[in-house]
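Quick notes on the structure that follows.
Chains as they are written, first to last, in UniProt numbering: chain A, 1 to 221; chain B, 1 to 225.
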């Protein structure tokens, strides 16, 4: 019998990018070894496996590294196609899924960061940009249960980890996502019913405490 | 049969390296398409309709279905027209090809553009340094291959058309050395092979008008100092 090649995932703390990889692996039922990285003190393994960016997540399979969260998720989907396909088989829908997953990185991520990092006018602009990006996603979601249609898919995996950060954005920015994007919150709660998601997402209060900690250590007030 | 001769339109702009990527991909597959030149200072209703999210080129419309983002489009082209594959079939090699294409977008394009267009000297120097670092990674990745894709042009080569054609043009206009044969001999040789590839050659924009456009653009940036 051929032994399954070892799968290792390097991740860190509350990273939504690391969570994407974890959710994908869980959806596929893949056993793996998780290694928590201290990003203030990067391990030799991380530096060897991702010398270019020195970032997490990194997936190591057959001893070879795959970097960048969305690339990792596509790799997982291709190598383990039998359970829970994440990308549609139709090229057009696949391309749309890639477009919107990239959109999450281009627009949602950067605006959300500015929400908890900045203050005053800058923060107001960040809030506006963040909510605008969520509204655009909501429009693409439409009446579908998931971004993947009837099944949980690539864009769902790309976006859902941000849900455990919403509490932090809302607290720092003094707003509620549900007020502006109720459909998106329904979608998020639906995703949370999946074990792969509920077991992976961090506790939102812990994320908030983590950000306070980070701000304390690294940012001047 | 044959999904090949269908209704395909490309909305583009002559000076865009991202549009060029799509043109090369279409030609590698032998796909005929209708080209529409957009005036980016006065975007058409069609562009705003087909790419409401980013309002940018390139956009393709295939049988009335629009797609945006150059690398998403190139992968779509590869999956729809199966001849002359652009991406490797092996999952690991595919992941690597995607990684390096993304690297070009994230690390080379931004830094090199800022290096030639930023007024502030310190910022410019920082971006020059970042561009050198990024190009060095690509130099190392190329090793002894003819193309990033191996013997044939692949996704990373197509993504890197920006490095082969646009960076040399920018550095000539601005009198800055970013990408030279001395600093990056392997990458430089690659660029010459790539630019002379029969299909790539045919699909590069005409140098003079694009040069003139960017020269004018840089003049206005630096004049408003």
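We put the beta carbon where it would ideally sit given N, CA and C, even for glycine.
For residue 98 of chain A, the closest of A:43, A:155, A:145, A:17 by C-alpha to C-alpha distance is A:155. Residues 19, 57, 58 of the same chain have their beta carbon placed closer than 6 Å to that of residue 12 of chain B, with the five preceding and five following residues left out of the count. Check the Cα spacing between residue 62 of chain B and each of B:138, B:129, B:35: the tightest is with B:35. According to DSSP, residue pairing for residue 15 of chain B in a beta bridge does not occur. The beta carbons of residue 115 of chain A and residue 169 of chain A sit closer together than 7 Å. Residue contact with chain A for residue 129 of chain B: absent (no Cβ-Cβ distance below 7 Å to any residue of chain A). The three-state reading of DSSP puts residue 9 of chain B in strand, counting E and B together. Taking the C-beta atoms as reference points, residue 52 of chain A is found nearer than 7 Å to residue 137 of chain B. Residue 67 of chain B and residue 77 of chain B have their C-alpha atoms some 11 Å from each other.
Straight through space, the alpha carbons of residue 190 of chain B and residue 102 of chain B are spaced by roughly 19 Å. Contact check for residue 188 of chain A against residue 14 of chain A fails: the beta carbons are separated by 7 Å or more.
Identification of chain A residues near residue 76 of chain B by a Cβ-Cβ cut-off of 8 Å yields 91, 92, 94, 95, ordered along the chain. Within chain B, the residues 91, 95 have their CB atoms less than 7 Å from the CB of residue 75 of chain A, given in chain order.
Under the DSSP assignment, residue 11 of chain A falls in the beta strand (DSSP E) whose first and last residues are 7-11. Bounds of any beta strand (DSSP E) do not take in residue 88 of chain A, whose DSSP letter is neither H nor E. For residue 206 of chain B, there is no enclosing alpha helix (DSSP H), as DSSP marks it with neither H nor E. Nearest CB-CB separation between residue 64 of chain A and chain B: below the 7 Å threshold.
The contact set of residue 102 of chain A on chain B, defined by CB atoms closer than 8 Å, consists of 69, 72 in chain order.
Bounds of the alpha helix (DSSP H) holding residue 122 of chain A are 120-141. Proximity of residue 99 of chain B to chain A, defined by a Cβ-Cβ separation below 7 Å, is satisfied. From the beta-carbon of residue 108 of chain B, no residue of chain A is found nearer than 7 Å; the closest lies around 12 Å away.
Shown here, residue 68 of chain B sits in a strand according to DSSP, grouped into three states.
For the 7 Å CB-CB criterion, residue 58 of chain A and residue 10 of chain A form a contact. Think of a sphere of 8 Å around the beta carbon of residue 103 of chain B: the chain A residues whose beta carbon falls inside it are 52, in chain order. Considering only beta carbons, the part of the UniProt domain "GST N-terminal" (6-85) of chain B lying closer than 8 Å to chain A consists of 53, 62, 65, 67, 68, 69, 72, 73, 75, 76, 79, 80, in chain order. Interface flag for residue 148 of chain B against chain A is unset, since no Cβ pair is found closer than 7 Å. Excluding five sequence positions before and after residue 150 of chain B, none of the CB atoms of its chain fall closer than 8 Å to its own CB. Taking 8 Å as the upper bound for CB-CB distance, residue 162 of chain B and residue 109 of chain B are in contact here, some 6 Å apart.
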